[in-house]
Amino acid sequence: MQKEIEIKLAPDEAAEESAIERQLSLALNIGIERIRGHKVLKRSIDARSRKVVYRMLIRVYIDELGMADSYIVNYQNVSSSKHVIIVGAGPAGLFAALQCIENGLKPIVLERGKDVKQRRRDLAAINKEGIVNTESNYCYGEGGAGTYSDGKLYTRSNKRGDINKVLQTFVQHGATDDILVDARPHIGTNKLPNIITSIRESILNAGGEVRFDQKVTDLLVEFGKIKGVEINGETHYKKSEPHKASVTGDTVGDPFKDTSGPSMNILIKLMSIVSLVIAPYIAVSSADIEPSTDVLKEIPITKKADSLGVNT
């Protein structure tokens with residue numbers, strides 16, 4: 031038998047399996063020996079009062095063993111399949127490529143910037159010398175704008191799809207499994223470059239392609255349909271029609287400057303504006319815990335400003 035229950039625990043107890051099972055036993059009024067396993071579904075910090083607690087939604091396995099979760103996707107080889115041109119190697123582009131592979135299509139990802147490793151040199155030039163590479167910087171390059179700027183985009187759409195699949199993909203490629211249960215999942219900017227590299231390797235190992243320094247400057251439109259793309263203002267690139275995808279980031283405008291007609295339907299959406307405030311001592315000094323603790327790694331705050339959500 032399985033039951034889902036929410037419990038509250040002190041921060042030090044939330045890290046101990048035995049303490050969790052003791053609290054589950056009390057909450058369910060059953061002997062602890064009947065609890066054969068449990069799975070944390072959601073976890074959040076409640077610091078609204080001086081006594082900080084963890085709120086945890088847990089699935090409890092009573093008199094039966096739980097099933098082990100598997101997040102590994104074995105990507106099929108698509109090297110000889112129909113091609114899909116994907117413009118941009120940001121989050122949308124990389125995940126579009128993985129989805130193409132799952133659907134039996136070969137993705138060809140065209141990215142105007144450089145890979146994550148080479149981007150570091152260009153970012154260092156910005157910070158140390160004030161030299162900006164217009165094609166490789168904080169906005170452009172593998173992984174998109176959020177790779178080195180701690181970017182977070184929260185979707186409020188009712189048609190957002192399966193967010194868990196996205197998080198599981200990150201875990202498969204190197205993120206900690208904490209992001210599967212935390213109310214405000216956060217991968218960490220220090221980990222993102224390696225995760226993005228791992229995603230690219232999955233695409234390549236499955237027979238897909240990821241090409242850098244490939245700035246898409248125009249879309250080739252014939253009779254109201256996209257037939258291909260123009261790269262760096264000169265090369266025309268066409269592949270198996272009609273499989274095309276444009277998933278450029280919100281900072282990219284070049285492909286659309288001279289493109290019009292029924293083939294393009296550009297939808298501008300309002301997005302969360304995010305800033306990161308690092309104030310660990312201020313955060314814990316108002317709570318009933320020691321400043322040295324690792325409990326409050328991140329406290330997200332949401333503020334409504336002019337009817338738009340702003341996450342801090």
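Position one of the sequence shown corresponds to residue 31 (the working numbering), numbered consecutively onward.
Just so you know, even glycine gets a beta-carbon here, dropped at the ideal spot from N, CA and C.
> With distances taken from CA atoms, which of E43, S48, L54 and A45 is nearest I37?
Replying inline: L54
> Could you give the distance in angstroms between the alpha-carbon of L56 and the alpha-carbon of I50?
Replying inline: 10 Å
> Should M31 go down as buried or exposed, given a rule of 16 or more other Cβ atoms within 10 Å for buried?
Replying inline: With fewer than 16 other Cβ atoms within 10 Å, it is exposed.
> How about I131 and G123: are their beta carbons less than 9 Å apart?
Replying inline: no
> How many Å lie between E34 and I92 at the Cα?
Replying inline: 11 Å
>> Going by C-alpha to C-alpha distance, which of R85, S109, K69 and I62 sits closest to E42?
In response: One point to set straight first is that residue 42 is Asp, not Glu, in the sequence displayed. Nearest of R85, S109, K69 and I62 to D42, Cα basis: R85.
> Nearest to Q129 by alpha carbon, out of V246, V196, N262 and N163?
Replying inline: V196
> In its own chain, which residues sit with a C-beta less than 7 Å from the C-beta of T227, not counting the 5 before and 5 after it?
Replying inline: Around T227: V146.
>> Am I right that L39 and V83 are in contact with their C-beta atoms under 8 Å? What's the rounded C-beta distance?
In response: 6 Å
> Sorted by chain position, which residues of the same chain lie with C-beta nearer than 6 Å to G176's C-beta, five sequence neighbours on each side aside?
Replying inline: Nothing listed; no residue qualifies.
> Are the CB atoms of P223 and G173 nearer to each other than 9 Å?
Replying inline: yes
>> Can you find the residues in the same chain that come closer than 6 Å, C-beta to C-beta, to D207, ignoring five residues on each side of it along the sequence?
In response: V201
> What first and last residue would you give for the beta strand (DSSP E) that runs through V139?
Replying inline: K136 to L140
> Looking at the unbroken beta strand (DSSP E) that takes in Q239, where does it start and where does it end?
Replying inline: Looking at the sequence provided, one finds Glu at residue 239 rather than Gln. Unbroken beta strand (DSSP E) run through E239: E239 to R241.
> What residue does the beta strand (DSSP E) around L210 start on, and which one ends it?
Replying inline: No beta strand (DSSP E) contains L210, which DSSP labels as neither H nor E.
> Hey, would you say F125 sits closer than 9 Å to T199, going by beta carbons?
Replying inline: yes
> If you draw a straight line from the C-alpha of T247 to the C-alpha of S48, how long is it?
Replying inline: 59 Å
> Does the beta-carbon of E159 have 16 or more other beta-carbons within 10 angstroms, so that it is buried, or is it exposed?
Replying inline: Flag for E159 reads exposed.
> Would the beta-carbon of G238 fall within 9 Å of that of V139?
Replying inline: yes
> Can you list, in chain order, the residues of its chain whose CB lies under 7 Å from that of A205, leaving out five sequence neighbours each side?
Replying inline: I217, K221 and I225
> Starting from D195 and walking both ways along the beta strand (DSSP E), at which residues does that stretch end?
Replying inline: Checking the sequence shown, residue 195 turns out to be Lys, not Asp. Taken as a continuous stretch (DSSP letters only), K195 belongs to no beta strand (DSSP E), being part of the alpha helix (DSSP H) at I193 to Q202.
>> If we require 4 or more residues per run, which alpha helix (DSSP H) segments fall completely within the segment 93-180?
In response: 121-132 and 146-159
> Around the C-beta of E231, are 16 or more other C-beta atoms found within 10 angstroms, so that it is buried, or is it exposed?
Replying inline: Result: exposed.
> With respect to the alpha helix (DSSP H) encompassing T219, which residues constitute its N-terminal and C-terminal limits?
Replying inline: Note, T219: premise wrong, no alpha helix (DSSP H); not H, not E.
> For N194, which of H203, Y178 and V211 has the nearest alpha-carbon?
Replying inline: V211
>> To the nearest angstrom, how far is the alpha carbon of E46 from that of H203?
In response: 27 Å
> By how many angstroms is the C-alpha of V70 removed from the C-alpha of N235?
Replying inline: Computed Cα separation, rounded: 33 Å.
> If we ignore side chains and look at the alpha-carbon of each, how far apart do A77 and I88 end up?
Replying inline: 20 Å
>> Do G96 and R66 count as a contact pair if the criterion is CB distance below 9 Å?
In response: In this structure, G96 lies closer than 9 Å to R66 by Cβ.
> From what residue to what residue does the beta strand (DSSP E) around I65 run?
Replying inline: I65 to D76
>> Contact defined as beta carbons within less than 8 Å: I believe P137 pairs with I229. What is the distance between those atoms, to the nearest angstrom?
In response: In fact, because the Cβ distance is near 12 Å, the residues do not count as touching under 8 Å.
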